[in-house]
Amino acid sequence: MLIVASLLQFTSLSSLAQVPELPLPVSASGNPTTAQFYAGNTFDGGTTFATTFAADQAITILAEIRVEENHVNSVGNIYLVVVLGEQMYIRIESGEFVLWDGSLETLVAAFPGKTLQTIEAFSVIEDVPFGAVGLAGATLFIYLAYDSMATAGGLYYSGTPLKLKIAAAGATGTSYQLFSDNVSIPIIQTRCIICHSSTGIASASVSTSQLQYIADTEPDFLQSNYNLLVNYIRNVTDGSELILSKPQGMVHVGAVQLVNGSGEFEAFEAFVNAVLSE
Numbered sequence: 508m509l510i511v512a513s514l515l516q517f518t519s520l521s522s523l524a525q526v527p528e529l530p531l532p533v534s535a536s537g538n539p540t541t542a543q544f545y546a547g548n549t550f551d552g553g554t555t556f557a558t559t560f561a562a563d564q565a566i567t568i569l570a571e572i573r574v575e576e577n578h579v580n581s582v583g584n585i586y587l588v589v590v591l592g593e594q595m596y597i598r599i600e601s602g603e604f605v606l607w608d609g610s611l612e613t614l615v616a617a618f619p620g621k622t623l624q625t626i627e628a629f630s631v632i633e634d635v636p637f638g639a640v641g642l643a644g645a646t647l648f649i650y651l652a653y654d655s656m657a658t659a660g661g662l663y664y665s666g667t668p669l670k671l672k673i674a675a676a677g678a679t680g681t682s683y684q685l686f687s688d689n690v691s692i693p694i695i696q697t698r699c700i701i702c703h704s705s706t707g708i709a710s711a712s713v714s715t716s717q718l719q720y721i722a723d724t725e726p727d728f729l730q731s732n733y734n735l736l737v738n739y740i741r742n743v744t745d746g747s748e749l750i751l752s753k754p755q756g757m758v759h760v761g762a763v764q765l766v767n768g769s770g771e772f773e774a775f776e777a778f779v780n781a782v783l784s785e
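End of the sequence shown = 785 in this note's numbering, gap-free, step of one.
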């Protein structure tokens, strides 16, 4: 796909902010590995990492491979695989992505013949709004891998991919649009307002009293609740982190309301990211 081929270009970086670790690293041989893989999607240079973004939001993908100790200073190759729907792509040395059949025999390195350092850090893309290149509504899974001449035939890769989900075209736009379309009724009015209202149990807590929503039967409820959330996200210390962690049940009297990876959580996360980027 030419869109993917032209979009996903690598730029080596000398240093990166710490990015999230991709769990369950594996080797093609099945032997345990101490290699570690990190990758994250960000819109603010690595301060915040997330999975779901509005289609018009500019995204940077940061990546890092920490090779096994006995592979440092050996010659090796770095690979990158992108799964988009039913198709897989690999990045070749020219910077293009080409279709891949999944066979190790046809796997081509993105960075061939490298002298491997303890930490190999790079960006996958920088400041790209995926909706602008025709990928609104798409979900991509990105795998990192490397090999080393120090271990002939060995291939080490992130057993868990980095997931990137771009909101559908109908859900793109400003944070207000995302809130109105995907957050207000299914999340705030259905889940949060039971506790987060002037009479709910959260109103007695100093830390959560700032989040007192009004019902959808009240005039201007949409704008009022939107303003309340935006103020919390932008102005409360660690507000953007708290607003995402608490509904998952982390130090939250209301227990689990949103499950990480669910459609509702991803919609809420896209809204929070849009607020932060505006």
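Backbone N, C-alpha and C fix where the C-beta goes; we use that ideal spot for every residue, glycine too.
Check                                                                                                                                                                           : Outcome
By DSSP's criteria, methionine 595 is part of a beta bridge. Which residues make up the other side?                                                                             : Val590 and Trp607
Can you look up leucine 671 in the DSSP assignment and give me helix, strand or coil?                                                                                           : strand
What's the C-alpha gap between glycine 660 and aspartate 654?                                                                                                                   : 8 Å
Excluding five sequence neighbours on each side, which residues of the same chain lie with their C-beta closer than 8 Å to the C-beta of valine 635?                            : Leu514, Ala565, Ile566 and Thr567
Who are the near neighbours of glycine 707 in its chain, counting only those whose CB is closer than 8 Å to its CB and skipping five residues on each side?                     : Ile700, Ile701 and Gln719
Please say whether glutamate 593 and alanine 616 have beta carbons closer to each other than 8 Å?                                                                               : no
Have a look at the DSSP bridge pairing and note the partners of phenylalanine 618.                                                                                              : Ile585
Please determine, among His578, Ser665, Val631 and Asp723, the residue with the shortest C-alpha to C-alpha distance to threonine 622.                                          : His578
Taking the alpha-carbon positions, what's the proline 693 to glutamate 771 distance?                                                                                            : 8 Å
Per DSSP, what kind of secondary structure is threonine 613 in: helix, strand or coil?                                                                                          : helix
Please report the residue range of the beta strand (DSSP E) in which alanine 534 lies.                                                                                          : The question names alanine, but residue 534 in the sequence shown is serine. Per DSSP, serine 534 belongs to the beta strand (DSSP E) from 532 to 534.
Looking only at its chain, what residues have a beta carbon closer than 6 Å to the beta carbon of proline 754, apart from the 5 residues adjacent to it on each side?           : Gln764 and Leu765
DSSP has threonine 559 in a bridge; who is on the other side?                                                                                                                   : Lys672
Would phenylalanine 544 and proline 532 be called neighbours here (beta carbons separated by less than 8 Å)?                                                                    : yes
Measuring CB atoms only, is the segment 602 to 614 touching the segment 684 to 692, in the sense that at least three cross pairs come out at less than 8 Å?                     : no
Taking the C-alpha atoms as reference points, what is the distance between valine 582 and valine 526?                                                                           : 25 Å
Determine the closest residue to alanine 546 out of Lys670, Glu785, Tyr733 and Ser784, with distance taken between C-alpha atoms.                                               : Lys670
Tell me which same chain residues have a C-beta within less than 8 Å of the C-beta of leucine 783, skipping the five on either side of it?                                      : Phe550, Asp551, Thr555, Ile740, Arg741 and Ser747
Within a Cβ cutoff of 6 Å, which residues of the same chain sit near serine 705, ignoring the five residues on either side of it in sequence?                                   : Gln719
By the DSSP assignment, the alpha helix (DSSP H) with leucine 569 in it spans what residues?                                                                                    : Here leucine 569 belongs to no alpha helix (DSSP H); instead the beta strand (DSSP E) covers 565 to 573.
Tell me which same chain residues have a C-beta within less than 6 Å of the C-beta of leucine 591, skipping the five on either side of it?                                      : Leu647
Using CA coordinates, which residue listed in Asp723, Asn780 and Asp727 is at the minimum distance from isoleucine 750?                                                         : Asn780
Just to confirm my understanding: we take proline 668, look at its own chain, exclude 5 residues before and 5 after, and list those with CB closer than 6 Å. What are they?     : Phe648, Ile649 and Tyr650
Thinking just about the alpha-carbon of each residue, which of Gly641, Thr744, Ala777 and Phe629 is nearest to the one in aspartate 688?                                        : Ala777
Would you call serine 731 buried or exposed, if buried means 16 or more other Cβ atoms sit within 10 Å of its Cβ?                                                               : exposed
For glutamine 696, count neighbouring C-beta atoms within 10 Å of its own C-beta (all shown protein chains included) and say buried if the count is 16 or more, exposed if not. : buried
So, are the CB atoms of isoleucine 673 and alanine 643 less than 8 Å apart?                                                                                                     : yes
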